[in-house]
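Line by line, the protein sequences give chains R and E.
In terms of the numbering used here, the first sequence has 61 at position 61, counting the first letter as 1, and numbering is strictly consecutive.
If you want the numbering used here, it's the position in the second sequence, counting the first as 1, plus 1000.
Every residue, glycine too, gets a C-beta built ideally from N, C-alpha and C.
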Amino acid sequence: MDKSKVNTKDPASLETLVKLLTDALNGTKSNTLDGDAQVAIDEYIKIAKSLRGFPNGDASEAEPRWKIPPVSPRAF
Amino acid sequence: MFRQFAGSIPKVNSERAENLFRLHPVELSSLLEQAWELRKHDDIGDQKVDQGHPNRRSNLPGLPHYLLRFFACSEANIDNVCPLPKVVGATPDSANAPPIDPCREPRNLPSCVTWNHLIYAYMIENTGIYEIFRRVLHEFRHGEALGVPLDGADHWLRNTEELFYRQPPSFSIASLNSFIRPDLNSIRCNAYYRMFGMELNHHKEDQINYVKAKAANNEFVNTLEEFLRKVWVGIINVGNSSGENRTDDAEIANLAEKLHDMLIARRIGGNLAREEFYFVSMMSWFQLTIEFDSPIVMSLRAEGPSPEERLHKIAQRVGKPAHALSKNFFDMADASSRILSQIETNIYKNPAAVPALYTNIPGGPIQDIKTIITHWSITTGHDLKSKKVSAN
């Protein structure tokens, strides 16, 4: 959040100010990113997903994207 | 790649891993070939990327698809692994016309597969795992000092010996050995040295002789450590609401660009792509082996709660010690691979993108950065969380 954009005559802006002060007091500053930094985050998530081997990169998915051949019964 | 095949990142899928271990070596080899053929090979929008970029590691062809289709699941994998075809109109069906006339067959396979960065192989190998399993194979192949293999371990022994302790078959993407470079250990050490300016911590003990290329990234370690130090400053300051903020985005961007330039310089013309592909696949096989109580682990009576415990037990059985800090190497292998892969896209040369590295966003790089800083500090003894001390 950009503190310089807080306009004390604007209720929405005042909300922002209250949020800033609350976060500062609680030590819970909310982290949001804009523009290029958010693009970098999105790209990073894509890389991580791509390396996992699941269709959507989510390891909780039931089936990995790679099919592996069935094992011969004689292998047991 | 084998952990991807087994669906074992980040958590091992032991059932699939055991099935993988029981396949015929040529089936495993064909999976590797297919992964290479389906590798990511894309430009970014209108921007053409050069060979070496993570989106285009190499232009070298793998085994043609009309040969790979003789192996089970190769057709299904084209549909499943890369759901969206690369070229409009080149649907998986049209890309895989029946093998009536391979001469007329389109070769526009989809492209999406990525593999770990070479740093992953370097980290895993530093545990000593490759040499430890060489001893395991040696003992099982020369006698019964370690007992006889349990059910499933026999398959693992055959596959491991076939894939990683002999000359790969000619024309395979993994066939790196030749009259020019006969020793696989030397090829790996040469690749690590060129890319990172680093040697394996046990290379002297194991007497690995290799060619030290003049074109090597000798500044890699210093640059990476400085980069991590600066990002750490960002991490500890990102929550500041007041007071001084020493985070220097421009400096981090400068260091990220330096890292990008030196890493990509080693990859120009597709250099080291095949080596990276084969070595990260090799190390993922070994990591997968000890990520659970696999048949060979049980054969060796090396069951344990974690990969490093299993490795230490196996090491004791064969009298070849594992690295005392193996846990740290295992823990940072994947994280460092992801971070370096993204650095190689050069996205952080833009200072405006740098906050992504130290801002706590779910799924963002900060967790991996913290992991690397912690474990790198432990394994090297260089405290990256403290300010760098320089002599005046």
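Inter-residue spacing [alpha-carbon to alpha-carbon] between residue 1222 of chain E and residue 1201 of chain E: Spanning the two alpha carbons is a distance of roughly 17 Å.
7 Å Cβ shell around residue 1140 of chain E - same chain, five flanking residues per side excluded: The residues are 1146, 1149 and 1157.
Three-state secondary structure (DSSP) of residue 1024 of chain E: Under the three-state reduction of DSSP output, residue 1024 of chain E falls in the coil class, being neither helix nor strand.
7 Å Cβ shell around residue 1206 of chain E - same chain, five flanking residues per side excluded: Same-chain partners within the cutoff: 1131.
Members of the region 1145 to 1168 of chain E that neighbour chain R once the beta carbon cut-off is set at 9 Å: Cβ contacts with chain R: 1151, 1152 and 1155.
Neighbour list for residue 74 of chain R in chain E, Cβ cutoff strictly below 9 Å: Taking a Cβ-Cβ cut-off of 9 Å, residue 74 of chain R has no neighbours in chain E, whose nearest Cβ is about 10 Å from it.
Contact set between the region 1210 to 1229 of chain E and chain R, restricted to residues whose Cβ is under 7 Å from the partner: Those residues of the region 1210 to 1229 of chain E that come within reach of chain R (Cβ to Cβ, closer than 7 Å) do not exist; the list is empty.
Three-state secondary structure (DSSP) of residue 1207 of chain E: It is coil, neither helix nor strand.
Stretch pair the region 1352 to 1367 of chain E + the region 1230 to 1242 of chain E: three plus CB contacts closer than 8 Å: Enough Cβ pairs lie closer than 8 Å, so yes.
Reference residue 990 of chain E; option with closest CA among E/1051, E/1055, E/1039 and E/1038: Beyond the ends of chain E as shown, which are 1001 and 1392, falls residue 990 of chain E; an answer cannot be given.
Cβ-based burial, residue 1007 of chain E [other Cβ within 10 Å; buried from 16]: The residue is buried, with at least 16 neighbouring Cβ atoms inside 10 Å.
Residue(s) in a DSSP beta bridge with residue 1044 of chain E: Answer is E/1047.
Residues of the region 41 to 70 of chain R with Cβ closer than 8 Å to any Cβ of chain B, in chain order: Going by chain labels, chain B is absent from the structure shown, which instead holds the protein chains R and E.
Buried versus exposed, by CB contacts within 10 Å (16 or more), residue 1071 of chain E: Under this definition residue 1071 of chain E is a buried residue.
Exposed unless 16 or more other CB atoms sit within 10 angstroms - verdict on residue 1012 of chain E: Under this definition residue 1012 of chain E is a buried residue.
Cβ neighbour criterion (16 or more within 10 Å) applied to residue 1085 of chain E: Legend: pLDDT at residue 1085 of chain E = 47, less than 50; position of this residue unreliable, value from coordinates given subsequently. The residue in question, residue 1085 of chain E, is buried, as its Cβ has 16 or more Cβ neighbours within 10 Å.
Close beta carbons around residue 70 of chain R, own chain, < 6 Å, minus the five adjacent residues each side: Once the five neighbours on either side are set aside, residue 70 of chain R has no close Cβ partner at all.
Straight-line Cα distance separating residue 1178 of chain E from residue 1273 of chain E: So the two alpha carbons sit approximately 17 Å from each other.
C-beta neighbour in chain R for residue 1289 of chain E, strict 8 Å: No - not a single Cβ of chain R is within 8 Å of the one on residue 1289 of chain E.
Residues near residue 1035 of chain E in its chain [Cβ-Cβ closer than 6 Å; skip 5 each side]: Cβ within range, chain order: 1001 and 1113.
Chain-ordered neighbours of residue 1020 of chain E on chain R, where CB pairs are closer than 7 Å: Annotation: Cβ neighbours of residue 1020 of chain E in chain R (cutoff 7 Å, chain order): 68.
C-alpha gap between residue 1225 of chain E and residue 1119 of chain E, whole angstroms: Residue 1119 of chain E has its alpha-carbon roughly 15 Å from the corresponding atom of residue 1225 of chain E.
Distance between residue 1240 of chain E and residue 1183 of chain E (C-alpha atoms, nearest Å): Between the alpha carbons of residue 1183 of chain E and residue 1240 of chain E lies a gap of roughly 53 Å.
Which listed residue (E/1294, E/1320 and E/1327) has its alpha carbon closest to that of residue 1309 of chain E: Nearest option by C-alpha distance: E/1327.
Close Cβ partners of residue 1023 of chain E (< 6 Å) along its chain, the five nearest in sequence each way excluded: Around residue 1023 of chain E: no qualifying Cβ.
Residue 39 of chain R at chain E interface by Cβ criterion, 8 Å: In terms of beta-carbon proximity, residue 39 of chain R lines the interface with chain E, with at least one pair separated by less than 8 Å.
Buried or exposed (CB count within 10 angstroms, at least 16 for buried), residue 1005 of chain E: So residue 1005 of chain E ends up on the buried side.
C-beta contact flag for residue 975 of chain E and residue 40 of chain R at 8 Å: Only positions 1001 to 1392 of chain E appear in the structure, and residue 975 of chain E is not among them; the question remains open.
Nearest to residue 46 of chain R (by Cα), restricted to the options E/1376, E/1365, E/1051 and E/1381: Shortest Cα-Cα distance from residue 46 of chain R to any of E/1376, E/1365, E/1051 and E/1381 involves E/1365.
8 Å Cβ cutoff, residue 1081 of chain E in contact with chain R: Closer than 8 Å: yes.
Under 7 Å from the C-beta of residue 1342 of chain E: neighbouring residues of chain R: Those are 43, 44 and 47, listed as they occur along chain R.
Distance cut-off 7 Å: residue 1278 of chain E Cβ against heavy atoms of the ligand NAD: Absent from the structure shown: the ligand NAD. Ligands present: none.
Outcome for residue 1083 of chain E when other beta-carbon atoms lying within 10 angstroms are tallied against a minimum of 16: Its Cβ having fewer than 16 others within 10 Å, residue 1083 of chain E is exposed.
Extent of the continuous alpha helix (DSSP H) run through residue 37 of chain R: Membership of residue 37 of chain R in the alpha helix (DSSP H) is indicated by the continuous run 35 to 52.
Assigned secondary structure, residue 1142 of chain E (DSSP; H/G/I helix, E/B strand, else coil): For residue 1142 of chain E, the secondary structure class from DSSP, reduced to helix, strand or coil, is helix.
Residue 61 of chain R versus R/68, R/37 and R/49, residue with shortest Cα-Cα distance: The residue with the shortest Cα to Cα distance from residue 61 of chain R is R/49.
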